[in-house]
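One structure below.
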Amino acid sequence: MKGWRPPAPFILLLPAIVVLAAVVIVPLVLSLYSSFTAFRLTQPASLYTLIGFRNYQRILTDIEFWAAFGRTVLLLTIALNLEMLLGLGLAMLVEKATSGQRLLRTIMMFPMMFSPILVGFQFKFMFNDNIGLVNNTLQSLGLSSQAIPWLIDGTLAFIAILVAEIWSSTSVFAILILAGLLAMPKEPIEAARVDGCTPWQTFRYVTWPFIMPFAYIAMTIRSLDVARAYDIVKIMTDGGPAKRTELLWTLISRTAYADARMGVANAMAYVAILLSIVFTAYFFRKLSAARTQIAAEW
Amino acid sequence: MATVSLEKLVKRYGSLEVVHGIDLEVADREFIALVGPSGCGKSTTLRMIAGLEQISGGDLRIGGKVVNDLPPRARNLAMVFQSYALYPHMTVRENMGFSLKIAGMKPEEVAPRVDEAAATLDLTHLLDRRPSQLSGGQRQRVAMGRAIVRDPDVFLFDEPLSNLDAKLRTQMRVEIKKLHAKVQSTVIYVTHDQVEAMTLADRIVIMRDGYIEQVGTPEEVFRRPNSKFVAGFIGSPPMNLKDAEVTDGMLVFANGDRLPLPEKFRDRVSSGQKVTFGLRPDDLYPVGHGIHSGSEADVHKQDLRVLLTEPLGNETLVFSELGGAEWVARMLNPRPLGTGEVLAFCFDLAQAHLFDRESGRSLRGSHGKD
Chain P
1 MKGWRPPAPF
11 ILLLPAIVVL
21 AAVVIVPLVL
31 SLYSSFTAFR
41 LTQPASLYTL
51 IGFRNYQRIL
61 TDIEFWAAFG
71 RTVLLLTIAL
81 NLEMLLGLGL
91 AMLVEKATSG
101 QRLLRTIMMF
111 PMMFSPILVG
121 FQFKFMFNDN
131 IGLVNNTLQS
141 LGLSSQAIPW
151 LIDGTLAFIA
161 ILVAEIWSST
171 SVFAILILAG
181 LLAMPKEPIE
191 AARVDGCTPW
201 QTFRYVTWPF
211 IMPFAYIAMT
221 IRSLDVARAY
231 DIVKIMTDGG
241 PAKRTELLWT
251 LISRTAYADA
261 RMGVANAMAY
271 VAILLSIVFT
281 AYFFRKLSAA
291 RTQIAAEW
Chain S
1 MATVSLEKLV
11 KRYGSLEVVH
21 GIDLEVADRE
31 FIALVGPSGC
41 GKSTTLRMIA
51 GLEQISGGDL
61 RIGGKVVNDL
71 PPRARNLAMV
81 FQSYALYPHM
91 TVRENMGFSL
101 KIAGMKPEEV
111 APRVDEAAAT
121 LDLTHLLDRR
131 PSQLSGGQRQ
141 RVAMGRAIVR
151 DPDVFLFDEP
161 LSNLDAKLRT
171 QMRVEIKKLH
181 AKVQSTVIYV
191 THDQVEAMTL
201 ADRIVIMRDG
211 YIEQVGTPEE
221 VFRRPNSKFV
231 AGFIGSPPMN
241 LKDAEVTDGM
251 LVFANGDRLP
261 LPEKFRDRVS
271 SGQKVTFGLR
281 PDDLYPVGHG
291 IHSGSEADVH
301 KQDLRVLLTE
311 PLGNETLVFS
321 ELGGAEWVAR
331 MLNPRPLGTG
341 EVLAFCFDLA
351 QAHLFDRESG
361 RSLRGSHGKD
C-alpha cells in the first residue's frame, strides 16, 4: 500500500502525545470552551449554549471577584516577602551551626511534611476565640483581657491565615537559601572581610547577590503555591465570615460546585491562571538575571 | 607601610595545636616568603595575620600595634587568595574599586586609582568584563589589582600562583617581583614552591609541622641550611642526603662504600658518629663538567656507573649509585652519555653538608661559617 506514511519521530512520540492530550490538552480546551458557555452543572445541556464573552464581562465587573483577586495578590505579596525574610534568617542561623546541622535541617523541614488541611485545622484551633492557644496565651500573660475574634474579624482572619501559610512554607525558602549558602565559595567572603567590609556589608554586597537566584527559585515555586492557595483558607475560614477572607480559588470552587455555575467559574479560573503566569514569569526573569550576574554554571 | 611582628604566635583547633608559638620579625618593605610542605602551618599563620583566623596565643603586631583582636578591616592589609576569590557578580572595575567604595570613597576618586592599577597590570581592556569571562592569569592579575588599589600597609599572598600553569607562573612571578619594586610595601607571601620563595623573597621562612625551621636570605638557606629538612627542601633537584657513619676519617655507607670525611668537619665529628651526608647536585659532577674545575681543595674523585640521564639541554642530570643509594649529579656542557658508562666524578667536599642523623641539625657549628 503506497501513500502517505507519518514520519518516524511522530509515530514514536504518539504515545506521549495521546497521554498528554487525554490528561492535559482536552481538559484544558474543554474548560476554556466552557468558559464561553452558560454551563451549569445542574443543566448539562447548557454546555452547548455559547454566550461569547459574557462570563468574562460579568466577572470583570464583579466587585466580589476583584476583592478576592486583590486579596490573593495581597496574600501573595505579604506571605512571599515574610517567608523570604524568615527563611533567609533561618538558613543563615542553621548555616552557622557547627554541629547538629543535619538534625536542624531535618527539623526545619517538618512543617512541609504536614498536609495543608491539617495545618488549617491546627491553626483554626489555635486561633479559636474561646478555646484557642493564642487567646489563652495572650490572656494568661495579661496582654489582653478579652477574647480576640481572630477568625471572625476580616483583618484578623487574614492575619491568622497568613500566619498558618507562613508557618507551613517558610521552610521552602529556608531549605533553598541554605542550599545556596552551602554551595557558596567561602573565599569571596573572606576577601570582602579583608577588603574592609563589616558583616552587614559582606552580606549585602557578596553573600546576598550569590544566594539571590536561590531565593528566586523559592519565590517562583511559592508564587505558584500561594496563587492557588485554597486548602488552609477552606479549613480555617472557608472564605468567611461573610466573604471577608475570600480568595480566588475559594471563590472559584464555591461558584463551580456550590452554585454550580461552571462556565463562570472556568472564566475566573483562567483569569487566576493568568495571574499565576504573570508572577511566575516575573520571578523567572529575575532568576535568569540573577544567575547571569553571578555567572552560575547551572 | 609597616612592620609585622609575630611573638609566640599559637593556633589551636580545640586541643590540636597546629602552630606552636612562632616568632618572626618582618621589616618594613620587606618581602618575606613562608614556605613549607602542605600542612606545615604557613597558610594558617598568614590567615592569622589577615585576621581570618582567631589567634589562640601570643601577640601579633602590625606597625607596632597589637592587632590580635582587631577584625580584618581594621588591619589595613590586602590579601591575594589562591583561588583568586573575585566577586563573581562584579565587573573587573567593580572588583578592583570595591574596597575603596566600602571605605566611603567617592566614585570620582575611585576611578583614577582603579585605572592606574589596571594600567600597571595591563588590565585596562578588561575592565568591563566579569571574572567568568577571564582566563586564570587575568583573574590572578585582577586579584592583585584589587590588592594594590588599596595602598595597604601589608600585602598578603596565599599561594597566588599555584592554580596557574607552569609558563604563566613564571611570568607572574616576574610581575610580582616588579610590582614589589614599584609599590614598595611589606609583603608576606605563602608558597609551597621553593623556587617561588627563592626568586621573590628578601628572606625565606621555612616552616615544618607548625615550627619555623630556619629564617634567612635565599643565599643563606641555600648555602647554610640549619637542618636536613631545610637542605632537602630548598634547591632543585634536591640535595643528595645519605646516611653514613664516621669511621677513621671516612664516611662509611650502609653497604660499606666510603667517601673521605670533608676536611671542614674533621674536628666536629667523632668516630662512630651517625650522620647524614649532604651534597648538592651542583657539587657532584663528571670531571670537567662542573661549575668548578675540580682542582680546588678537598675535591674527591671517584668513578661511578651511570644509571640514568635526564638531558635538559644546557645541562644533564646524571643518576648514579654509591653506598646503595641513588645520587644525582649535574653535568654542565653535557655530551651524550650511555647507560652503564663509567665516568669519573668530582665530589666537591668543601661544599658538602653534614647533619646529625638523630636530630637532623647541621654539624657545621652553631650559625658559624662553613
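Protein sequence lines correspond, in order, to chains P and S. Counting along the first sequence from 1, when you hit position 141 you're at 141 in the UniProt record's numbering, and nothing is skipped either side. Counting along the second sequence from 1, when you hit position 249 you're at 249 in the UniProt record's numbering, and nothing is skipped either side. Virtual Cβ for every residue (Gly too), placed ideally from N, Cα, C. Computed from a predicted structure; not experimentally measured.
*Determine the extent of the beta strand (DSSP E) in which residue 250(S) is found, giving its start and end residues.*
For the purposes of this step, residue 250(S) is taken as residue 250 along the second sequence, with counting starting at 1. Element bounds for residue 250(S): 250-252.
*Could you tell me whether any Cβ in chain S is nearer than 8 Å to the Cβ of residue 193(P)?*
Here the question's residue 193(P) lines up with position 193 in the first sequence. Yes, contact with chain S.
_For residue 178(P) and residue 217(P), believed in contact at Cβ under 8 Å, the rounded distance_ = For this step, residue 217(P) is matched to residue 217 along the first sequence. For this step, residue 178(P) is matched to residue 178 along the first sequence. Their Cβ separation, rounded to whole angstroms, is 12 Å, which puts residue 217(P) and residue 178(P) out of contact at 8 Å.
*Among 214(P), 148(P), 224(P), 271(P), nearest to residue 280(P) - alpha-carbon criterion*: The residue given as residue 280(P) occupies position 280 in the first sequence. Minimum Cα distance to residue 280(P) is reached at 224(P).
*In chain S, which residues lie less than 8 Å from residue 146(P) when you measure between Cβ atoms?*
Counting from one through the first sequence, the residue named residue 146(P) turns up at place 146. The contacting residues do not exist; residue 146(P) stays about 51 Å from chain S at best.
*Is residue 74(S) near residue 188(P), with beta carbons less than 8 Å apart?*
If you number the second sequence from 1, residue 74(S) lands on position 74. If you number the first sequence from 1, residue 188(P) lands on position 188. It is not a contact, given that the beta carbons lie outside the stated cut-off.
*Grab me the residues of residue 52(S)'s own chain with a C-beta within less than 7 Å of its C-beta, minus the 5 sequence neighbours each way, in chain order.*
Residue numbering aside, residue 52(S) sits at position 52 when the second sequence is read from its first letter. Result list for residue 52(S): 72, in chain order.
*Between the Cα of residue 261(P) and the Cα atoms of 89(P), 38(P), 273(P), which residue gives the shortest distance?*
If you number the first sequence from 1, residue 261(P) lands on position 261. Taking only the C-alpha atoms, the option nearest residue 261(P) is 38(P).
*Which same chain residues, not among the five before or five after residue 139(S), have their C-beta less than 7 Å away from its C-beta?*
Taking the first residue of the second sequence as position 1, residue 139(S) is located at position 139. Cβ within range, chain order: 84, 86, 131.
*State the DSSP-derived secondary structure class of residue 180(S), mapped to helix, strand or coil.*
On the second sequence, position 180 is the one that residue 180(S) refers to. Reduced to three states, the DSSP call for residue 180(S) is helix.
*Note down, in chain order, each residue of its chain lying with its Cβ closer than 6 Å to the Cβ of residue 298(P), except the 5 sequence neighbours on either side.*
Within the first sequence, the letter at position 298 stands for residue 298(P). Per-residue confidence for residue 298(P) stands at a pLDDT of 48, beneath the threshold of 50, marking its modelled position as unreliable; no derived number is given.
*If you measure from the beta carbon of residue 79(S) to each beta carbon in chain P, is any gap under 8 Å?*
Your numbering for residue 79(S) matches position 79 in the second sequence. It does: the Cβ of residue 79(S) has a partner Cβ on chain P nearer than 8 Å.
*asked:* Please give the ranges of any alpha helix (DSSP H) in the stretch 63-146 of chain P, keeping only runs that are unbroken, at least 4 residues long and fully inside the region.
replied: 63-96, 101-108, 116-126, 133-140
*For the beta strand (DSSP E) that contains residue 186(S), what are its first and last residues?*
Counted from its first residue, the second sequence places residue 186(S) at position 186. Start and end: 186-191.
_Short of 6 Å in beta carbon distance, which residues of its chain neighbour residue 316(S), apart from the five on each side in sequence? Order them along the chain._
Within the second sequence, residue 316(S) is the residue found at index 316, counting from 1. So the qualifying residues of the chain are 309, 331, 334.
*Going straight from the alpha carbon of residue 268(P) to that of residue 103(P), what length do you get?*
To locate residue 268(P), count along the first sequence from 1; it is residue 268. To locate residue 103(P), count along the first sequence from 1; it is residue 103. Roughly 44 Å between the two C-alpha positions.
*Excluding the 5 residues preceding and the 5 following residue 68(S) in the sequence, name in chain order all residues of the same chain whose CB lies nearer than 7 Å to its CB.*
By one-based count along the second sequence, residue 68(S) stands at place 68. Answer for residue 68(S): 55, 59, 60, listed in chain order.
*In whole angstroms, what is the alpha-carbon distance linking residue 158(P) and residue 148(S)?*
Here residue 158(P) corresponds to residue number 158 of the first sequence, with the count starting at 1. Here residue 148(S) corresponds to residue number 148 of the second sequence, with the count starting at 1. Taking the straight line joining both Cα atoms gives about 56 Å.
*Using 8 Å as the limit for Cβ to Cβ distance, is residue 298(P) near chain S?*
As a first step, residue 298(P) is located in the first sequence; it is residue number 298 there, counting from the start. Because the pLDDT at residue 298(P) is just 48, under 50, the model does not fix this residue reliably, and the point stays unresolved.
_I need the DSSP call for residue 370(S), collapsed to helix, strand or coil._
Along the second sequence, one-based indexing puts residue 370(S) at 370. Note that residue 370(S) has pLDDT 45, beneath the 50 cutoff, so the model's placement of it is unreliable and the number below is only indicative. Coil at residue 370(S), not helix or strand.
_Alpha carbon of residue 305(S) to alpha carbon of residue 320(S), nearest angstrom_ = Reading the second sequence from its first residue, position 305 is the one you call residue 305(S). Reading the second sequence from its first residue, position 320 is the one you call residue 320(S). Taking the straight line joining both Cα atoms gives about 6 Å.
*Quick one: which residues of the stretch 83-111 of chain S get their C-beta closer than 8 Å to a C-beta of chain P? List them in chain order.*
83, 84, 85, 86, 87, 88, 89, 98, 99, 102, 103
*So which residues on chain P does residue 73(S) lean against when the C-beta distance must stay under 8 Å?*
Taking the first residue of the second sequence as 1, we reach residue 73(S) at position 73. Those are 193, 194, 195, 196, 197, 198, listed as they occur along chain P.
*asked:* Could you compute how far the alpha carbon of residue 361(P) sits from the alpha carbon of residue 35(P)?
replied: For residue 361(P) there is no data in the structure shown, the boundaries of chain P being 1 and 298.
*Is it right to say residue 120(S) is buried, meaning 16 or more other beta carbons lie within 10 angstroms of its own, or is it exposed?*
Counting from 1 along the second sequence, the entry for residue 120(S) is found at position 120. It counts as buried.
*By DSSP, does residue 262(P) sit in helix, in strand, or in coil?*
Your numbering for residue 262(P) matches position 262 in the first sequence. Helix at residue 262(P).
*Taking Cβ to Cβ, would you say residue 338(S) is nearer than 8 Å to residue 208(S)?*
Numbered from 1 along the second sequence, position 338 holds the residue referred to as residue 338(S). Numbered from 1 along the second sequence, position 208 holds the residue referred to as residue 208(S). No; because the gap between Cβ atoms is not below 8 Å, this pair is not in contact.
*Could you tell me the distance, in whole angstroms, from the CA atom of residue 108(S) to the CA atom of residue 287(P)?*
In the second sequence, residue 108(S) corresponds to position 108, counting from 1. In the first sequence, residue 287(P) corresponds to position 287, counting from 1. Spanning the two alpha carbons is a distance of roughly 32 Å.
*Cα separation between residue 86(P) and residue 98(S)?*
For the purposes of this step, residue 86(P) is taken as residue 86 along the first sequence, with counting starting at 1. For the purposes of this step, residue 98(S) is taken as residue 98 along the second sequence, with counting starting at 1. Roughly 29 Å separates the two Cα atoms.
*Name the one or two DSSP bridge partners that residue 260(S) has.*
The count along the second sequence starts at 1 and reaches residue 260(S) at position 260. According to DSSP, which records beta bridges pairwise, residue 260(S) is partnered with 250(S).
*CB contact flag (residue 138(P), residue 148(P), <8 Å)*: Reading the first sequence from its first residue, position 138 is the one you call residue 138(P). Reading the first sequence from its first residue, position 148 is the one you call residue 148(P). Contact flag set, yes.
*Buried or exposed by the 16-neighbour rule on C-beta atoms within 10 Å, applied to residue 285(P)*: Here residue 285(P) refers to the residue found at position 285 of the first sequence. Exposed, by the Cβ-count rule.
*asked:* Taking CB distances under 8 Å as the criterion, tell me whether residue 95(P) reaches chain S.
replied: Here residue 95(P) corresponds to residue number 95 of the first sequence, with the count starting at 1. Output row for residue 95(P): interface = no.
*From which residue to which residue does the beta strand (DSSP E) around residue 78(S) run?*
Along the second sequence, read from residue 1 onward, the residue named residue 78(S) stands at position 78. Run containing residue 78(S): 77-80, per the beta strand (DSSP E) assignment.
*From residue 359(S) to residue 294(S), what distance separates their C-alpha atoms?*
The count along the second sequence starts at 1 and reaches residue 359(S) at position 359. The count along the second sequence starts at 1 and reaches residue 294(S) at position 294. Approximately 32 Å between the Cα atoms of the pair.
*Per-residue DSSP class, three states only, for residue 180(P)*: Stepping through the first sequence from its first residue, residue 180(P) is reached at position 180. In the structure shown, residue 180(P) sits in a helix (DSSP, three-state: H, G or I).
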